[in-house]
Every structure is written in C-alpha cells, then in structure tokens.
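Right, one structure below, let's go through it.
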Amino acid sequence: MATTMDVNNNNQSEEYDVIIVGAGMAGLSAAYRILTQRPSTKLLILEARERVGGRIWSIPFDKKKFGLEDTLEGGRSIDLGASFIHGVLGNPLIPLAKKIGLPVKRTANPTEPNSAMRAFTADGKLVPPEETGELAGRVFGTIFGWLPAFAQGDDGSTTVVPETMSVKDGILAEGSPIYDGEPKPADGVAMDEHLRTALMLSRSFQGWTGAPIDYVSLKWWGFNQDTEGGDGILVRGYGEMVDGLKAEIERLGGVFRLKAPVAAVELVEGEEEEEGSVKITTRRVEEMPAVMHAELSSIFQAPYTLLTLPLGVLKHAPPTFTPPLSIRRQQAIQRLGMGLLDKIVLIYEKAWWADTRSSSAMINILIPSEDDPTRLLGPTGGRVSSHGMAKGAFPPRTPEWLEQNPQALMAFDLHAQCGIPALCVFVAGEFGDVAETCTDAQTTEWVTGVVRQWLGGLMKKATDENGDTKTEVGVVPRPVEVLRTAWRKDEHAFGSYAYIPVGSESESPSASPLDQVELTRTMWDRCFWAGEHTELNQYASVHAAWTSGIREAEKILVRLEGMSV
1 MATTMDVNNN NQSEEYDVII VGAGMAGLSA AYRILTQRPS TKLLILEARE RVGGRIWSIP
61 FDKKKFGLED TLEGGRSIDL GASFIHGVLG NPLIPLAKKI GLPVKRTANP TEPNSAMRAF
121 TADGKLVPPE ETGELAGRVF GTIFGWLPAF AQGDDGSTTV VPETMSVKDG ILAEGSPIYD
181 GEPKPADGVA MDEHLRTALM LSRSFQGWTG APIDYVSLKW WGFNQDTEGG DGILVRGYGE
241 MVDGLKAEIE RLGGVFRLKA PVAAVELVEG EEEEEGSVKI TTRRVEEMPA VMHAELSSIF
301 QAPYTLLTLP LGVLKHAPPT FTPPLSIRRQ QAIQRLGMGL LDKIVLIYEK AWWADTRSSS
361 AMINILIPSE DDPTRLLGPT GGRVSSHGMA KGAFPPRTPE WLEQNPQALM AFDLHAQCGI
421 PALCVFVAGE FGDVAETCTD AQTTEWVTGV VRQWLGGLMK KATDENGDTK TEVGVVPRPV
481 EVLRTAWRKD EHAFGSYAYI PVGSESESPS ASPLDQVELT RTMWDRCFWA GEHTELNQYA
541 SVHAAWTSGI REAEKILVRL EGMSV
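The sequence shown begins at 1 in UniProt numbering and counts up by one.
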C-alpha cells in the first residue's frame with residue numbers, strides 16, 4: 001500500500017509584487033506587458049504543467065527521423081493545440097510574430113476560386129472544384145455572413161431571436177441561404193443532394209464553435225466584434241512564440257515555477273486596506289522511492305494576483321477560494337460552455353498525396369456516404385463505448401440521431417501549410433468527447449482507414465509513355481506515427497475553448513456576454529482574472545487570451561504605480 005507524506009515548502013519569505021497563475025498566452029502577455037512597462041516589478045508565474053503555453057502545445061518535428069526535405073529552412077513543429085491566427089487584420093499576434101521573427105502564412109478564402117479547399121466522396125473521388133466552391137460559398141456565406149446579420153437584426157428584420165434558438169435553428173430557418181434560393185423543404189420531403197451535403201458540412205462547424213451547432217446560442221452569434229480578414233498560420237508553429245515570450249520575461253526578471261497547480265486562493269486582510277494581499281497555495285503529488293507518494297505544497301503571497309485558469313478548470317476543478325466566489329460569479333462560470341477540439345495527426349515518411357496541382361489545398365473535406373452515414377463520426381461512429389466520459393463532456397446521442405445527422409470531416413494538409421508530411425484530422429465537440437473514450441489502437445485503425453478510403457485516389461499517378469497514357473494506382477502507406485490529443489480529459493484544461501450555450505425554457509437566465517463581463521471584474525480589489533473566455537469580442541482564440549492578459553496587466557500597472565507614490 002502506498003503511503004502519503006506531506007511536505008510543506010513555505011515560500012512566504014520570497015516577496016513578489018505580482019503573482020500570475022497560469023503560463024498560457026493570457027499569463028504570458030500579462031507578464032510581458034507588466035515587465036516591459038515596469039521592469040522593477042518582482043513577478044512570479046505559477047504553471048501547473050511541466051511546460052508553458054497551456055492550450056498552445058507544439059511538438060518539434062524531427063526532420064531526420066521522418067525524411068523531411070532539407071530545402072525547408074528553419075525548424076518545424078506540429079501544433080497539437082492552437083494553430084491558427086484568426087483574422088489577421090488588426091490582430092495583435094501579427095506584429096508580435098514579426099517582432100520575434102516568425103513567418104506567417106495567409107490561408108486562402110475557401111469561398112474564392114482556386115481556394116485551398118477540396119472535397120472528396122467516400123469512393124475516393126475528387127468533387128469538381130466548381131462544385132466545391134459553390135458548396136463552400138453556400139455554407140460559409142450562411143454561417144459567417146447571413147446568420148450574424150439575421151441574429152443581430154442587421155438584415156433589416158424586426159424579428160427578435162429568442163434565447164432558445166440555436167445556430168442550427170438559424171441555419172435551417174426560412175429564407176436561409178443554405179437553401180440556395182429554393183423554398184425550405186417540408187418535413188418528410190427528401191432533400192436534394194446539394195442541400196444534404198451543405199447541411200453535413202454545416203454540422204462539421206462544431207470544430208469552429210467547439211460545440212454541436214444545436215448547443216450554441218444564435219442570439220449571440222455575431223454579437224462579438226472580432227478581428228477581420230483571412231486567417232494566418234505560424235509556419236514554424238506557435239511554440240516559438242511561446243518560447244520567445246518566456247525567454248524575454250525571464251530576461252526581464254520574471255520567475256517561472258512549473259508543476260505548481262494552484263489548490264487555494266485566499267485573501268489576506270491587512271491592518272490597513274492597502275496592506276492586504278492574496279495568498280496562493282500550490283499542491284502536487286510526487287512519486288517517491290519505496291512506493292511513497294509525497295504531497296508537496298508551497299505558499300506564495302503578493303499584493304496583486306492574476307488568475308488565468310481555463311474556464312474548464314473553473315467549472316470542474318477550481319481552487320478553493322477564501323472567501324468564496326460570489327454566487328453571481330459562480331453562476332456565470334457554470335452558464336458559459338466549454339467546447340472541445342481534438343486533433344489526430346498522421347505523420348508519413350513523405351506526403352504521398354501532394355503534387356504540383358494540389359500542393360496548395362490546405363483543407364480536405366471528407367463527405368459521408370448514404371450507405372454508412374456514421375463512418376466519419378469517430379472510431380465508434382459517434383456511439384459511446386464502455387469507457388466513461390470525461391467531466392464536461394457533451395451527452396451522447398441516440399443511434400437513430402447519429403444515422404440521421406451525418407457530418408463531414410476536416411483533414412488539414414500540414415505539408416501544404418508548413419512542409420511537414422502529415423495530415424491533421426479535426427474531431428470536435430460531441431464526437432471528440434466520444435473519441436476520447438477510445439483506445440489509441442481503435443483511433444489509429446479508424447483514422448487510417450478513413451484516409452485510405454476518402455483520399456486513396458490521390459495515390460493514382462498518370463504517366464505518359466510514348467504518347468500512351470497509363471494510370472498507376474498505388475497503395476496508401478500506413479503512417480509512421482499517429483499523435484492524438486484529449487483536451488477534455490486534460491485536468492489542466494477540461495476542454496479547448498469557450499462558447500455561449502443556447503438558452504433553455506426551464507433555466508433562467510441564459511448564458512450571455514454579461515457572464516464574460518462578470519469574469520473580467522476585479523475580485524477583492526486585488527485579484528484579477530484573464531483568459532480567452534473573458535474576452536467577449538474575441539473569445540475562443542489565442543488573440544483573445546493575449547488581449548485579456550494585456551487588459552488586466554494595465555489594471556495591475558495602475559495599482560503598482562499607486563504603491564510607489
């Protein structure tokens with residue numbers, strides 16, 4: 001039997017002006033801003049993981065191991081967490097990338113001709129590009145053009161969207177462009193093939209929202225004022241940005257303590273109001289010799305603290321707050337939703353699917369077949385296995401629902417993005433939750449089979465010998481390695497990013513941006529909060545986390561200047 005031993009390491013003798021909890025992008029941006037504006041600040045960053053970055057997680061790619069061409073300059077990484085810069089116009093990450101020296105590659109607009117998007121059917125055939133362009137324009141135009149205007153009343157309509165209406169309801173509403181100018185089909189009437197395909201692609205946008213589209217509020221769709229323009233990709237991965245920030249923070253005197261999960265946050269009253277502080281207790285279990293477990297705890301204290309804990313942690317495994325969080329703040333945390341986007345990365349010896357004709361196609365849409373509509377919903381077809389679901393997982397659907405609601409699958413081409421011979425499959429929302437219950441072997445068998453079936457046609461090579469054209473059909477190789485994420489099971493995240501859930505007639509009030517505003521309010525006059533979930537205009541993005549850290553850093557700087565007067 002294992003023995004637990006308490007080891008207290010009281011660090012109250014180490015004095016800090018500011019303690020930041022969390023070394024994700026919000027914590028890093030706050031530390032960077034404070035130390036560049038006030039270099040004398042004694043600043044400590046506590047991070048539960050063994051690394052910085054949080055939900056930014058880059059794995060260095062070994063060129064020698066996988067035979068990556070030497071013509072590619074600079075290191076390459078595979079982003080298993082965040083990978084896109086959403087909206088490059090006015091995005092604060094663009095000048096940051098330039099300052100650090102990180103190349104950014106713009107992604108093509110999928111609605112434009114010759115875009116970076118292709119579609120494939122279950123028999124391995126490439127959908128004609130003009131049909132793919134029409135499909136993309138129809139779906140993207142509905143979700144990101146018409147739907148926000150409809151939801152926010154910018155289309156001239158006098159209709160007020162109720163809180164109980166979901167994004168799915170909006171897509172299927174009368175007059176939606178998803179019907180391509182045709183009347184909405186009556187219940188029980190068969191849909192034409194183009195409409196059916198458009199709806200399957202629409203459902204796959206839970207990779208964007210992190211939640212099934214019937215779980216996401218329509219009332220607040222398009223309410224936020226986010227950055228504009230196309231998306232960008234850091235060619236060498238987000239990891240270099242995170243590492244660059246960490247190095248600069250340390251150069252300026254900031255101190256990082258990794259493997260330091262926070263167990264308690266306590267207000268310490270002073271004799272005078274301005275003499276108060278916040279006490280942070282960290283606690284972790286370490287394996288010791290002779291099957292002994294040591295529970296290591298440390299205490300840190302500072303006049304000001306910034307909490308950047310992910311929404312999932314606040315919902316499912318928060319630290320103990322003394323005094324407790326207000327009921328209003330607790331309710332705001334529980335009303336907001338935490339979505340999920342998992343990735344499955346297949347690494348090959350070479351990019352067998354790439355040629356000069358298709359090398360710019362970053363996104364491959366896999367369209368389900370009528371014969372096997374649940375094939376693309378994960379290793380178990382979206383059905384829950386015998387293993388339990390993680391905290392915060394979406395409730396499972398019935399087999400009948402899964403059969404009637406197939407969705408497309410997105411496979412991103414990392415070779416087109418950054419030269420790595422790999423495909424990255426997005427498994428999101430409810431199907432990501434179910435996939436996390438599957439074994440690595442199940443997942444590998446499923447995803448390799450899907451790639452072989454849908455993309456196998458790309459192995460065909462046309463050769464011309466003395467005017468005689470022949471088509472050679474190759475065999476899709478097995479990947480040399482398969483990587484997968486499980487962000488819902490991750491005890492330091494419990495999901496990927498925030499969303500605003502649809503309202504319920506039985507629950508009031510419903511989630512709204514006011515819940516995000518509540519989470520920006522300073523607590524105890526000295527405990528600040530940041531994170532992507534607190535940015536109502538940019539949530540669910542890396543630049544939201546960055547912006548939230550800067551926002552709170554400015555508040556802290558005002559207080560620090562008051563201390564020195």
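Positions of the beta carbon are idealized from the N, C-alpha and C atoms, including for glycine.
Rounded to the nearest angstrom, how far is the Cβ of Ser-496 from that of Leu-341, given a contact under 8 Å?
For Ser-496 against Leu-341, the beta-carbon gap comes to about 5 Å, under 8 Å, which counts as contact.
Using three-state DSSP, classify Ile-420 as helix, strand or coil.
Ile-420: coil per DSSP, three-state reduction.
On the three-state DSSP scale, how would you describe Glu-228?
Note: Glu-228 maps to strand in three-state DSSP.
If Tyr-215 and Val-427 are in contact, beta carbons under 8 Å, what's the gap, nearest whole angstrom?
That pair is no contact at about 16 Å.
Fully enclosed by the region 442-518, which alpha helix (DSSP H) runs are 4 residues long or longer?
Within the region 442-518, the complete alpha helix (DSSP H) segments at least 4 residues long are 513-518, listed from N- to C-terminus.
Local conformation of Asp-17 per DSSP, three classes
In the structure shown, the three-state DSSP call for Asp-17 is coil.
At which residues does the alpha helix (DSSP H) containing Lys-259 begin and terminate?
Note, Lys-259: premise wrong, no alpha helix (DSSP H); not H, not E.
Cβ contact check for the region 42-57 and the region 242-254: 3 or more pairs under 8 Å
Result yes; three or more Cβ-Cβ pairs closer than 8 Å.
What do you reckon, are the CB atoms on Leu-346 and Val-434 nearer than 8 Å?
No, the Cβ-Cβ distance between Leu-346 and Val-434 is not below 8 Å.
Within a Cβ cutoff of 6 Å, which residues of the same chain sit near Ala-122, ignoring the five residues on either side of it in sequence?
Taken in chain order, the residues that qualify are Ser-369.
Would you mind working out which of Asp-413, Leu-414, Phe-431 sits nearest Trp-401, comparing C-alpha positions?
Nearest option by C-alpha distance: Phe-431.
How long is the line joining the alpha carbons of residue 593 and Leu-536, rounded to whole angstroms?
Past the boundaries of the shown model lies residue 593; the chain is included only from 1 to 565, so the question cannot be answered.
Would you call Val-189 buried or exposed, if buried means 16 or more other Cβ atoms sit within 10 Å of its Cβ?
Exposed, by the Cβ-count rule.
Could you spell out where the beta strand (DSSP E) holding Ser-77 opens and where it closes?
Element bounds for Ser-77: 77-79.
Same chain, Cβ closer than 6 Å to Lys-219, five either side skipped, listed in chain order
So the qualifying residues of the chain are Val-161, Glu-163.
Would the beta-carbon of Pro-421 fall within 8 Å of that of Ala-486?
Contact check for Pro-421 against Ala-486 fails: the beta carbons are separated by 8 Å or more.
Backbone secondary structure at Thr-534 - three-state DSSP
Of the three classes helix, strand and coil, the one that applies to Thr-534 here is helix, per DSSP.
Straight-line CA distance for Ala-82 to Val-242?
So the alpha carbons of these two residues sit roughly 12 Å apart.
Express the C-alpha separation of Val-384 and Ala-30 in angstroms, rounding to a whole number.
Whole-angstrom Cα-Cα distance: 41 Å.
What are the boundary residues of the beta strand (DSSP E) that Asp-413 is part of?
Residues 409-413.
According to the Cβ coordinates, are Gly-531 and Ala-26 closer than 8 Å?
Yes, the Cβ-Cβ distance between Gly-531 and Ala-26 is below 8 Å.
Whole-angstrom distance between Ile-94 and Glu-561, CA atom to CA atom
Approximately 30 Å between the Cα atoms of the pair.
What residue ranges within the region 111-161 form continuous alpha helix (DSSP H) runs of no fewer than 4 residues, ordered along the chain?
Listed in chain order, they are 129-141, 147-152.
Give the straight-line distance between the Cα atoms of Ala-493 and Val-313, rounded to the nearest whole angstrom.
Val-313 has its alpha-carbon roughly 6 Å from the corresponding atom of Ala-493.
Considering only the alpha carbon of each residue, which of Pro-396, Asp-372, Tyr-179, Trp-353 lies closest to Gly-457?
The residue with the shortest Cα to Cα distance from Gly-457 is Trp-353.
Assigned exposure category for Pro-235 - 16 Cβ within 10 Å defines buried:
This sequence places Val at residue 235; Pro is not what is there. Its Cβ being crowded by 16 or more others within 10 Å, Val-235 is buried.
For Leu-519, which option in Phe-84, Tyr-304, Glu-15, Leu-325 has the closest C-alpha, if you only look at C-alpha atoms?
Shortest Cα-Cα distance from Leu-519 to any of Phe-84, Tyr-304, Glu-15, Leu-325 involves Leu-325.
Measuring only the C-alpha atoms, how far is Ile-45 from Thr-282?
Straight-line Cα distance between these residues: approximately 12 Å.
On the CB-based measure, 16 or more other CB atoms within 10 Å of its CB, does Ala-462 come out buried or exposed?
Residue confidence for Ala-462 is low, a pLDDT of 48 falling below 50, so the modelled location carries little weight; the figure read from the coordinates is stated next. By the 10 Å Cβ count, Ala-462 comes out exposed.
Contact between the region 506-521 and the region 190-206 (3+ Cβ pairs under 8 Å)
Output reads no: the region 190-206 does not touch the region 506-521.
Below 8 Å, can you find three or more Cβ-Cβ pairs linking the region 14-22 to the region 294-314?
With contact defined as three or more Cβ pairs closer than 8 Å, the region 14-22 and the region 294-314 are in contact.
Alpha carbon to alpha carbon, how far is Gly-156 from residue 584? Give it in angstroms, no decimals.
Lying outside 1 to 565, the shown extent of the chain, residue 584 is not represented and no answer is given.
Out of curiosity, what's the CA-to-CA distance linking Gly-222 and Ala-149?
Answer to the nearest angstrom: the Cα atoms are 7 Å apart.
Where does residue 584 fall in DSSP's three states?
Residue 584 falls outside the range modelled here, since the chain spans only 1 to 565, and no answer is possible.
Pull up the distance between the alpha-carbon of Ala-136 and that of Thr-522, whole angstroms please.
Across the structure, Ala-136 and Thr-522 are spaced so that their CA atoms are roughly 43 Å apart.
Comparing alpha-carbon positions, which option in Trp-57, Glu-552, Gly-237 lies nearest Ile-100?
Answer by Cα proximity: Gly-237.
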